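From first to last, the protein sequence lines are chains R and D. Sequential numbering of the first sequence, starting at 1, is according to our numbering. Sequential numbering of the second sequence, starting at 1, is according to our numbering. Built from N, CA and C at the ideal position, the CB exists for glycine as well. Since we're looking at a predicted model, the values are computed, not measured. Notes follow once the structure below has been shown.
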Amino acid sequence: ELKVEQNPLFLSMQEGKNYTIYCNYSTTSDRLYWYRQDPGKSLESLFVLLSNGAVKQEGRLMASLDTKARLSTLHITAAVHDLSATYFCAVASYNNNDMRFGAGTRLTVKP
Amino acid sequence: GAGVSQSPSNKVTEKGKDVELRCDPISGHTALYWYRQRLGQGLEFLIYFQGNSAPDKSGLPSDRFSAERTGESVSTLTIQRTQQEDSAVYLCASSLRWGGPGTGELFFGEGSRLTVL
Numbered sequence: 001e002l003k004v005e006q007n008p009l010f011l012s013m014q015e016g017k018n019y020t021i022y023c024n025y026s027t028t029s030d031r032l033y034w035y036r037q038d039p040g041k042s043l044e045s046l047f048v049l050l051s052n053g054a055v056k057q058e059g060r061l062m063a064s065l066d067t068k069a070r071l072s073t074l075h076i077t078a079a080v081h082d083l084s085a086t087y088f089c090a091v092a093s094y095n096n097n098d099m100r101f102g103a104g105t106r107l108t109v110k111p
Numbered sequence: 001g002a003g004v005s006q007s008p009s010n011k012v013t014e015k016g017k018d019v020e021l022r023c024d025p026i027s028g029h030t031a032l033y034w035y036r037q038r039l040g041q042g043l044e045f046l047i048y049f050q051g052n053s054a055p056d057k058s059g060l061p062s063d064r065f066s067a068e069r070t071g072e073s074v075s076t077l078t079i080q081r082t083q084q085e086d087s088a089v090y091l092c093a094s095s096l097r098w099g100g101p102g103t104g105e106l107f108f109g110e111g112s113r114l115t116v117l
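Structure (structure tokens):
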């Protein structure tokens, strides 16, 4: 069974600092997704990573995928308050659309 | 419609009653997922439909839960004899089939918040 683990689960950062969220998964996959969820809202897609070594960047967020290590990272650069949200990674089983989510990382950026 | 539509947005019911939640996916999306999200928790996979293939029901927590989908259109999630632990937000998502024109990225509805008293 595909298992997805994120860490940390809770992250409190000062504005302007850098940090990385990690997403590990248990079985072969070449598709990994990052989503953002604001309080009381649904999930919105941030990044789609479809191959080993894929790197995507949007503003202060950068996501990467290492399929050999079964690891994705979401790096936050010079955090701002607007980035406060819960971030989920999701992994699709190889050759399947079956999608499993990590537990989420609740990020709080403080002034 | 432009996005995934779910109804009702809020449902309050009494313990023991049956509830039905509806999801209308993005037109043309062959894959449809149901997830459960308890307060402050992550997403718990419930069921996955892909076109006319047999659904993956491996996440349904008990036989009180069932879901149907007609072709590639609307899906309903039914919870019979509701219990207080069923209280959660039920999220529906749809996507294009991986290997076709899409990336498998999920598009989520706003969710149906269920409260069982």
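- Nearest CB-CB separation between Phe65 (chain D) and chain R: not below the 9 Å threshold.
- Under the 9 Å criterion on CB atoms, Gln41 (chain D) is classed as interfacial with respect to chain R.
- Using a Cβ-Cβ distance cut-off of 8 Å, the stretch 75-84 of chain D and the stretch 17-37 of chain D are in contact, since at least three pairs of beta carbons, one from each stretch, lie closer than that value.
- Closest in C-alpha terms to Cys89 (chain R), from the list R:Phe101, R:His81, R:Asp38 and R:Ala79, comes R:Phe101.
- Put simply, the CB of Glu110 (chain D) is near chain R, with a gap under 9 Å to one of its CB atoms.
- Using a Cβ-Cβ distance cut-off of 8 Å, the stretch 36-47 of chain R and the stretch 55-65 of chain R are in contact, since at least three pairs of beta carbons, one from each stretch, lie closer than that value.
- Taking 9 Å as the cut-off, the Cβ atoms of Thr20 (chain R) and Leu74 (chain R) count as close.
- Taking 8 Å as the Cβ-Cβ cut-off, the stretch 48-62 of chain D approaches chain R at Tyr48, Gln50 and Asp56, given in chain order.
- Across the structure, Thr27 (chain R) and Leu50 (chain R) are spaced so that their CA atoms are roughly 15 Å apart.
- Using a 10 angstroms sphere on the CB of Leu117 (chain D), the tally of other CB atoms stays under 16, which defines it as exposed.
- When DSSP states are grouped into helix, strand and coil, Glu15 (chain R) belongs to the coil group.
- Shown here for Ala85 (chain R): same chain residues with a beta carbon closer than 7 Å to its own, the five before and five after excluded, namely Arg36, Gln37, Asp38 and Leu107 in chain order.
- Setting aside the 5 residues that flank it on each side, Asp56 (chain D) is surrounded in the same chain by Ile47 and Tyr48, each with a C-beta closer than 7 Å to its C-beta; the list follows chain order.
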